[in-house]
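S.K.: Here it is: the structure, laid out below.
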Amino acid sequence: MSLLEVRDLYVRYRGHSGAVVTAVAGCNIDVEEGQIVALVGESGCGKSSLGKAAVGLITPAGGSVTFDGTPVEPLGRKARPAPQRRLQMVFQDPFSSLNPRRPIGELIADGIRVAEGHGGKRRSVGECLERVGLSAGIADRFPHQFSGGQRQRIAIARALAADPRCIVADEPISALDASAQASIANLLVDLVADLKVGLLFISHDLSIVRRIADVTTVMYLGKIVERAPSEALWARPAHPYSRGLIGAITEPDGEGRLPDDLPGDVPDPAAPPPGCRFHPRCPIAIPRCAVEEPAFRQLMPGRMAACHLAETVLG
Amino acid sequence: MMARAPLLSIENLSISLPTADGGRALAVRGVDIAIGEGEIVGLAGESGSGKTLSALAALGLLPSGATTGGRVMFDGRELMGEGGRGAAAVRGRDLAMVFQDPMTALHPMLSVGRQMTEHLVQHRRIGRAEADRIAIAMLDRVRIPNPKEAMARFPHQFSGGMRQRIAIASALAAGPRLLIADEPTTALDVTVQAGILRLIENLRRELKLSVLLITHDLGVMSALADRVYVMYAGRVVELGSRAAVLSRPRHPYARGLLDALPHGSPADHPLQALPGSPPSIGRFPAGCAFHPRCRFAEDICRADIPELLPVGEGHAIACPVDPLAAVMA
Amino acid sequence: MSDGSLAPAEPIALPRRRFLRRSVWTQPLGLVGAGLLVVIVLLAVFAPWLTAHGPVDMVAKRFMAPSAEHWFGTDQLGRDVFARVIYGARVSLPYALQLVVMAAVIGTLLGAIAGYFGGWIDGVIMRAADLVMAFPDIILAMAVVAALGPGLFNAVLAVVVVSWPIYARVVRSMLLTIRDEPYVQSSRLLGVSAMRALWVDVRPNVVGPLVVLAALEFGHAVLILAGLSFLGLGAQPPTPEWGQMVSDGSKYFDKWWLSVFPGLAILLVVLAANFLGDTLRDALDPRTAKAFR
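Set out below in structure tokens:
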């Protein structure tokens with residue numbers, strides 16, 4: 002039983018023209034405590050929707066989410082059930098994730114109240130701020146007085162104040178500049194190691210993910226296509242899309258290497274291709290791929306992929 | 003450095019802007035940039051570095067209220083200031099620009115064909131049929147499928163990557179010799195970015211196009227640029243070949259930028275964040291603007307604005323201390 | 369700590385109530401508006417001391433043109449027009465204020481209920497709002513007054529019926545937008561109930577725009593009350609109400625002072641309210657708020 006278990010999750014919503022879009026089409030995720038699981042994919046793959054459904058901000062159309070043994074209830078009008086409050090979220094935009102009209106001390110105190118509620122470790126506002134590298138004295142300032150990186154630290158402090166066991170971070174560093182990205186990424190790694198929380202790190206940036214995540218899960222058009230320990234994925238990706246994604250990354254090494262092109266466009270999520278969703282762009286697609294959707298299966302211990310030819314790709 | 007005279011030469015450019023409280027502040031402070039024919043030159047820097055403003059000066063697109071110093075020469079002709087009609091003609095014909103967000107760079111209510119041919123018909127005085135042919139050929143060159151049908155469609159009917167290709171085609175339709183690309187792939191997914199970067203490289207080869215590539219993304223810089231200028235607080239702090247600047251950066255800022263990026267394997271080096279943040283216009287520290295964040299800062303750094311001094315073949319930095327000399331040279 | 373520069377970044381002018389009052393004093397139009405309103409209110413309060421005669425006392429010859437003795441002349445019953453205009457403020461202003469408050473309270477409640485519950489409740493309330501807004505406001509107000517009977521208080525009620533929708537729409541739409549903001553979602557994840565999140569997170573962000581709306585609506589309220597009184601449906605004689613005075617005066621066209629002065633009073637109040645409202649709105653909008661540093 003994992004700390005956070007997502008099983009066969011479906012998220013649907015109504016798109017622009019009224020068509021139903023299946024943003025998440027049957028996905029499984031596992032996060033253990035003290036583990037950083039990365040969920041990577043490009044825009045439109047559904048990773049944000051998956052993250053929000055995992056914490057209960059969106060109601061899934063199918064499947065289940067289990068946190069610490071109990072099912073996660075989607076948020077309604079009532080207050081969120083107390084045990085679920087140990088599953089927290091860090092949002093992407095540091096400028097809208099903190100209420101501009103409330104001093105940050107109050108925002109953190111909200112989290113501390115939660116920790117008291119479940120008899121967890123109760124820290125003071127000052128402690129929470131210091132834990133994320135800020136000084137305790139800033140508690141009566143307002144969010145707009147801080148930079149993006151600092152605000153993200155405050156948001157993390159707020160989530161931590163609740164003494165969570167698991168955190169879902171939805172693109173927590175994408176909106177920051179490069180040096181802030183590095184420091185926030187480091188902060189998250191420290192916190193996971195220190196507090197043994199589980200972290201689901203959602204991102205489109207494979208390079209950062211490679212540094213900090215234990216396990217990387219790759220998502221394409223609503224489906225998980227590969228899951229493997231991060232280094233193993235980088236060294237030998239099993240799924241053609243993972244391979245394409247890794248090949249498309251630019252390295253700032255002065256070598257002048259042009260990244261690999263992945264031909265074609267991401268299809269409209271409202272009308273995904275039949276069979277394997279990636280087949281129209283896949284360099285090694287065979288006729289079977291257009292007809293039969295590949296199962297997400299284990300290739301070797303710790304490595305799973307959804308590709309009929311995974312063994313060949315792995316070589 | 004360059005055998006022939008540069009195509010675009012920015013000389014001692016300075017730009018001052020009005021500030022919110024009624025004063026003025028220098029946003030660009032004495033910048034020299036040279037781009038040769040068929041060369042891709044990169045301008046790297048974070049926000050407030052002045053990189054975009056420097057490029058806009060060449061195009062005459064500075065915000066109202068901006069005043070400039072120095073000069074911008076294109077193929078021997080002065081582009082800035084009192085260039086008058088001559089400069090405007092050069093700009094319209096020989097220079098073009100693509101921006102970061104293709105959605106706002108393309109007119110949402112005009113068809114692709116219309117947008118692309120409009121200025122051809124106006125400025126080059128070509129007939130509509132001829133302009134259409136040029137546009138279709140350019141769309142084909144940027145690998146838009148079914149270019150003839152694409153002409154009749156509208157920007158919102160294309161994906162982000164396609165829109166950027168259309169923006170590039172539109173910019174190149176009149177046959178410019180220099181393309182200024184301001185963060186052309188920042189808003190795009192990494193696989194789509196790869197396609198655009200390859201496209202730019204192909205266009206450079208096929209059309210002998212010069213490119214001024216402005217980006218904060220050093221990976222993109224590394225893939226495309228032949229030479230790189232690193233800007234900080236309105237000045238160039240390091241310049242050199244791609245290999246020199248990106249694999250052996252000598253200026254502490256450039257070094258710091260690269261250290262903050264993940265590359266290589268995890269064991270290689272830990273992510274090292276650069277402390278503090280870049281100063282905003284009007285609040286540049288005295289002397290070397292980077293000194294408050296530099297762990298090698300000495301008294302001279304607080305006092306004098308450093309000049310660019312050579313440290314190798316075609317490689318120069320604006321740092322009197324040169325603390326990384328032993329490590330990098 | 370890296371990236372930990374703790375000096376506050378340049379302060380961005382984010383709207384806060386306390387801050388607003390300071391800023392109004394620096395913008396000329398807002399200053400003018402506020403000043404005018406203050407003057408008019410003072411005039412209304414000190415009316416007995418400022419006027420030689422009462423508003424209903426028939427003290428002089430009829431139809432006297434403005435003179436040193438009667439600054440605004442006298443009306444068809446020999447009453448001092450100046451006194452009637454000043455005392456008229458005592459009628460128009462409080463009733464307009466009462467109207468705005470009632471409409472704002474009712475509109476806000478309905479808008480909040482619609483936004484919070486959604487579903488059919490939202491549908492019913494919004495369709496009701498649409499229905500009301502579909503009518504020209506003065507026509508609908510006339511119909512309501514006709515049903516209730518003429519009188520100033522009934523006129524106020526009529527205009528409340530006609531004006532609540534705009535508050536409801538604004539509050540509802542702000543509520544729906546703010547509800548999806550990450551900072552509200554983050555509170556919900558911390559176990560705050562929807563109702564409490566409404567109060568703690570949404571309310572502070574709604575109050576500002578509501579105040580602006582009320583300021584702008586105040587001028588509108590004065591105008592519509594005057595309109596109803598002009599039509600004989602609002603204030604009844606001998607109550608000095610500006611609209612009614614304009615109406616009476618319009619019968620005697622050549623005696624221009626009978627309509628012009630009360631008309632000017634209406635104009636000044638509405639302008640002042642609009643200036644103030646516009647300035648408040650600009651102070652509130654983070655984009656234009658830069659001017660208020």
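Protein sequence lines, in the order shown, are assigned to chains A, B and C. The first sequence begins at 2 in our numbering and counts up by one. The second sequence begins at 3 in our numbering and counts up by one. The third sequence begins at 369 in our numbering and counts up by one. Every residue, glycine too, gets a C-beta built ideally from N, C-alpha and C.
Assuming S231 of chain A is part of the alpha helix (DSSP H), what are its boundary residues?
M.R.: S231 to A236 is the span of the alpha helix (DSSP H), which, as asked, contains S231 of chain A.
S.K.: Please name the residue or residues paired with A183 of chain B in a DSSP beta bridge.
M.R.: DSSP, once it has assigned bridges, lists B:V100 and B:L215 as partnering A183 of chain B.
S.K.: On the CB-based measure, 16 or more other CB atoms within 10 Å of its CB, does F68 of chain A come out buried or exposed?
M.R.: When all chains shown are included, F68 of chain A counts as buried.
S.K.: Starting from the N-terminal side, write out each stretch of the beta strand (DSSP E) that is 3 residues or longer and does not extend beyond the stretch 84-127 of chain A.
M.R.: Counting whole runs of 3 or more residues, the stretch 84-127 of chain A contains the beta strand (DSSP E) stretches 88-91.
S.K.: For chain A, check one thing: does any of its Cβ atoms lie closer than 8 Å to the Cβ of D616 of chain C?
M.R.: With 8 Å as the cut-off, D616 of chain C does not count as an interface residue toward chain A.
S.K.: Quick one: what does DSSP say L15 of chain B is sitting in, helix, strand or coil?
M.R.: Here L15 of chain B sits in strand by DSSP.
S.K.: Which residues in chain B sit within 9 Å of S208 of chain A, going by Cβ to Cβ distance?
M.R.: Neighbours of S208 of chain A on chain B, chain order: G221, L263, P264 and H265.
S.K.: S50 of chain A CB to nearest chain C CB: under 8 Å?
M.R.: Answer no: the Cβ-Cβ gap between S50 of chain A and chain C never drops below 8 Å.
S.K.: Can you give me, in chain order, the residues of the stretch 539-555 of chain C that have a beta carbon less than 7 Å from any beta carbon in chain A?
M.R.: From the stretch 539-555 of chain C, only E549, P550, Y551, Q553, S554 and S555 have a Cβ closer than 7 Å to chain A.
S.K.: Cutting at 8 Å between CB atoms, please list the residues of its own chain near P110 of chain B, excluding the five before and the five after it.
M.R.: Once the five neighbours on either side are set aside, the close Cβ partners of P110 of chain B are F156, P157 and H158.
S.K.: Under the assumption that A214 of chain A contacts V38 of chain A (Cβ atoms under 8 Å), give the Cβ distance between them as a whole number of angstroms.
M.R.: Going by Cβ atoms, the distance from A214 of chain A to V38 of chain A rounds to 6 Å, so yes, they are a contact pair.
S.K.: For T188 of chain B, would you say it is in contact with chain A, using Cβ-to-Cβ distances shorter than 8 Å as the test?
M.R.: Answer no: the Cβ-Cβ gap between T188 of chain B and chain A never drops below 8 Å.
S.K.: On the CB-based measure, 16 or more other CB atoms within 10 Å of its CB, does D306 of chain B come out buried or exposed?
M.R.: Label assigned to D306 of chain B: exposed.
S.K.: Determine which residues share a DSSP beta bridge with S243 of chain B and list them.
M.R.: Paired residue(s): B:R229.
S.K.: Would you call the stretch 102-109 of chain A and the stretch 144-155 of chain A touching, i.e. three or more CB-CB distances under 8 Å?
M.R.: Flag = yes, the stretch 102-109 of chain A and the stretch 144-155 of chain A touch.
S.K.: Counting only C-beta atoms, is P462 of chain C closer than 8 Å to chain A at any point?
M.R.: For P462 of chain C, the answer is no, since every Cβ of chain A falls outside 8 Å of its Cβ.
S.K.: Give me whichever residues DSSP pairs with K619 of chain C in a beta bridge.
M.R.: DSSP, once it has assigned bridges, lists no residue as partnering K619 of chain C.
S.K.: For a contact meaning CB atoms closer than 7 Å, what does R200 of chain B contact in chain A?
M.R.: By Cβ distance, chain A contributes L259 and D262.
S.K.: State yes or no: is the beta carbon of T580 of chain C nearer than 8 Å to at least one beta carbon in chain A?
M.R.: A small correction: the amino acid at residue 580 of chain C is Val; Thr does not occupy that position in the sequence shown. Not closer than 8 Å to any Cβ of chain A, the Cβ of V580 of chain C fails to qualify, so no.
S.K.: When you compare the stretch 236-243 of chain B with the stretch 306-326 of chain B, are there three or more beta-carbon pairs, one atom per stretch, that lie closer than 8 Å?
M.R.: Enough Cβ pairs lie closer than 8 Å, so yes.
S.K.: Consider the Cβ of V323 of chain A: report whether some Cβ of chain C lies at a distance smaller than 8 Å.
M.R.: Residue 323 of chain A is absent from the model: chain A starts at 2 and stops at 316.
S.K.: Rounded to a whole number of angstroms, what is the C-alpha to C-alpha distance between P376 of chain C and T54 of chain B?
M.R.: Any answer about P376 of chain C is weak, because its pLDDT of 38 lies below 50 and its placement is not dependable; what the coordinates show is given next. Going by the C-alpha atoms only, they are around 26 Å apart.
S.K.: Can you tell me whether P260 of chain A is buried or exposed? The criterion is at least 16 other CB atoms within 10 Å of its CB, across all chains shown.
M.R.: Result: buried.
S.K.: Using a beta-carbon distance cut-off of less than 9 Å, what residues from the stretch 269-281 of chain A approach chain B?
M.R.: For the stretch 269-281 of chain A, which is checked against every Cβ of chain B, not one residue is closer than 9 Å.
S.K.: Could you give the residue range of the alpha helix (DSSP H) that holds Q153 of chain A?
M.R.: Residues G149 to A162.
S.K.: Going straight from the alpha carbon of R458 of chain C to that of V409 of chain C, what length do you get?
M.R.: About 8 Å.
S.K.: Buried or exposed: T313 of chain A, going by 16 or more other Cβ atoms within 10 Å of its Cβ?
M.R.: Exposed, by the Cβ-count rule.
S.K.: Assuming contact is defined by CB atoms lying nearer than 8 Å, are T218 of chain A and I30 of chain A in contact in what I supplied?
M.R.: Going by C-beta atoms, T218 of chain A is nearer than 8 Å to I30 of chain A.
S.K.: Could you work out which residue in A:R152, A:V133 and A:I250 is closest to H224 of chain B when comparing CA atoms only?
M.R.: A small fix is needed here, since residue 224 of chain B is Ser in this sequence, not His. The shortest C-alpha separation from S224 of chain B is found at A:I250.
S.K.: Considering only their Cβ atoms, is the gap separating L248 of chain B from G255 of chain A smaller than 8 Å?
M.R.: Taking 8 Å as the Cβ cut-off, G255 of chain A and L248 of chain B qualify as a contacting pair.
S.K.: Within its chain, find whatever has a CB closer than 7 Å to the CB of A509 of chain C; leave out the 5 residues flanking it on each side and keep chain order.
M.R.: A526, V527, V530, I592 and L596, listed in sequence order.
S.K.: Could you tell me which whole alpha helix (DSSP H) segments of length 4 or greater appear in the stretch 102-141 of chain B?
M.R.: Listed in chain order, the complete alpha helix (DSSP H) runs (minimum 4 residues) inside the stretch 102-141 of chain B are 104-107 and 114-121.
S.K.: With which residues is Q299 of chain A paired in a DSSP beta bridge?
M.R.: In DSSP, Q299 of chain A forms a bridge with A:M305.
S.K.: Distance check for G47 of chain A and K53 of chain A, CA to CA, integer angstroms please.
M.R.: Going from the Cα of K53 of chain A to the Cα of G47 of chain A covers about 10 Å.
S.K.: Is the beta carbon of M220 of chain A closer than 8 Å to that of L10 of chain A?
M.R.: No. Outside cutoff.
S.K.: Sort B:A46, B:R93 and B:R252 by Cα distance to G335 of chain B and report the nearest one.
M.R.: It is not possible to answer for residue 335 of chain B, since the shown part of chain B is limited to 3 through 331.
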